[in-house]
Amino acid sequence: MASWGSVLITGCSRGIGLQLVKQLSESSSRPADIIATARNPAGSAALLELSRTRPGVHVITLDVCSEQSISSALEEVQSIVGNQGLNCLINNAAVGSSRSLQSVTRETMMKTFEVNTVAPLFVTKAFLPLLQTAAARSAVMGVHRAAVINISSILGSISNCGDSTTFRNYAYGTSKAALNMVSRCLAADLGPVGILCVSLHPGWVKTDMGGAHADLTVEESVSGILSTLSSFTEQDHGGFKDYRGQTLPW
Ligand code: NDP
93 MASWGSVLIT GCSRGIGLQL VKQLSESSSR PADIIATARN PAGSAALLEL
143 SRTRPGVHVI TLDVCSEQSI SSALEEVQSI VGNQGLNCLI NNAAVGSSRS
193 LQSVTRETMM KTFEVNTVAP LFVTKAFLPL LQTAAARSAV MGVHRAAVIN
243 ISSILGSISN CGDSTTFRNY AYGTSKAALN MVSRCLAADL GPVGILCVSL
293 HPGWVKTDMG GAHADLTVEE SVSGILSTLS SFTEQDHGGF KDYRGQTLPW
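For any residue, its number in the working numbering is found by taking its place in the sequence shown, counting from 1, and adding 92.
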């Protein structure tokens, strides 16, 4: 993996976010600073253990739905990265409410959109000055320079949701389809300043969200995600990819 100065990941208390911190901190070409954020770090013994035992793992409180929490986190991150800026922001935190046509409610739709769609946009807006600082220091597009990686889902693929799809997940699927549009809009706005933007599906993964019957272990998914991230170039900018680097249909 190309070396990076810093990465910030949201939702690191468990699941894919926690495993990203673990594998990144073990990587031989790891970023110097791994900023692992969680809305309640004290509730994750595994995350606290990583920060105690792995150098350069910084645990910061960040509730992605709270502007106040975002601005406190921004101050802390600024003091860690200094004038190097932030190389990579991974918007990973999400909620996975499964809702059929029969069971969906307005409340679930709004809450799911708030966490999965609106929060990644506003977290990105807040950290944009740090990403721009990093982007200005290098010329080759990629995660080692400046990138926004939105962890999306194949369930947000509109073209994949055909008549044969037996389960239509209204709250989660629509929130991820909208997140994909956020990624496309960000790609159009941030490409000119050298910030790579990609929507990334991690596979169906055995986590609290994915459940025990999922295809992949969290180790397999994250190992794929990290090698895919490191291979991203200008060609991948504005794309919808999976953890193996394959292009997915919007
Ligand atoms: P988990 O449910 O295991 O973890 C979700 C994480 O998001 C937790 O750390 C949770 O924190 C955090 N989170 C939720 N709300 C907030 C908030 N308001 N502020 C900060 N953190 C928050 O999910 P996964 O690890 O499986 O999912 C990670 C990403 O991968 C998500 O974007 C998901 O949509 C995506 N994905 C997962 C798939 C799977 O099969 N697992 C498939 C496709 C996509 P807390 O512990 O505090 O609740």
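Backbone N, C-alpha and C fix where the C-beta goes; we use that ideal spot for every residue, glycine too.
Annotation for W96: P123, N179, C180, V235, H236 place their beta carbon closer than 7 Å to its own, counting only its chain and skipping 5 residues before and after. S319 has its alpha-carbon roughly 19 Å from the corresponding atom of A128. In the DSSP assignment, L288 falls outside any alpha helix (DSSP H) and within the unbroken beta strand (DSSP E) covering 288-293. Excluding residues up to 5 positions away in sequence, R191 lie with their Cβ nearer than 8 Å to the Cβ of T197 in the same chain.
Under DSSP, A128 forms a beta bridge with I101, V151. The bridge partners DSSP lists for K333 are L292, T339.
According to DSSP, C180 shares a beta bridge with V99, A239. Residue state for V297 is assigned as strand, using DSSP reduced to three classes. Contact between G265 and G295 does not hold, since the beta-carbon distance rounds to 16 Å and is not under 8 Å. Contact check between the region 332-339 and the region 133-152: fewer than three CB pairs, one atom from each, fall below 8 Å, which does not count as touching. The region 260-277 makes contact with the region 202-218, as at least three CB pairs between them are under 8 Å.
Within the same chain, and ignoring the five residues on either side of S244 in sequence, the residues whose Cβ sits closer than 8 Å to its Cβ are K268, L271, N272, S275, S291, L292, H293, F332. At a threshold of 8 Å, N184 counts as near the ligand NDP, since its beta carbon sits closer than that to one of the ligand's heavy atoms.
The residues G109, N184, A185, in chain order, have a CB closer than 6 Å to that of G103 in the same chain once the five nearest residues on each side in sequence are set aside. The three-state reading of DSSP puts L110 in helix, counting H, G and I together. In the three-state scheme derived from DSSP, where H, G and I count as helix and E and B as strand, L193 is classed as coil. Per DSSP, the unbroken alpha helix (DSSP H) holding I162 starts and ends at 159-173. Setting aside the 5 residues that flank it on each side, S136 is surrounded in the same chain by C104, S105, R106, L110, A130, each with a C-beta closer than 8 Å to its C-beta; the list follows chain order. The distance from the Cβ of A165 to that of I152 is about 5 Å, consistent with a contact at the 8 Å cut-off. The alpha carbon of S313 has as its nearest neighbour, out of L100, S98, Q115, V99, the alpha carbon of Q115. Taking the C-beta atoms as reference points, I287 is found nearer than 9 Å to L223.
Between the ligand NDP and G109, a heavy atom-to-CB distance of less than 8 Å is present. Rounded to the nearest whole angstrom, the C-alpha separation of V297 and L112 is 13 Å. Taking the Cβ of V207 as the reference point, at least one heavy atom of the ligand NDP falls within a distance shorter than 8 Å.
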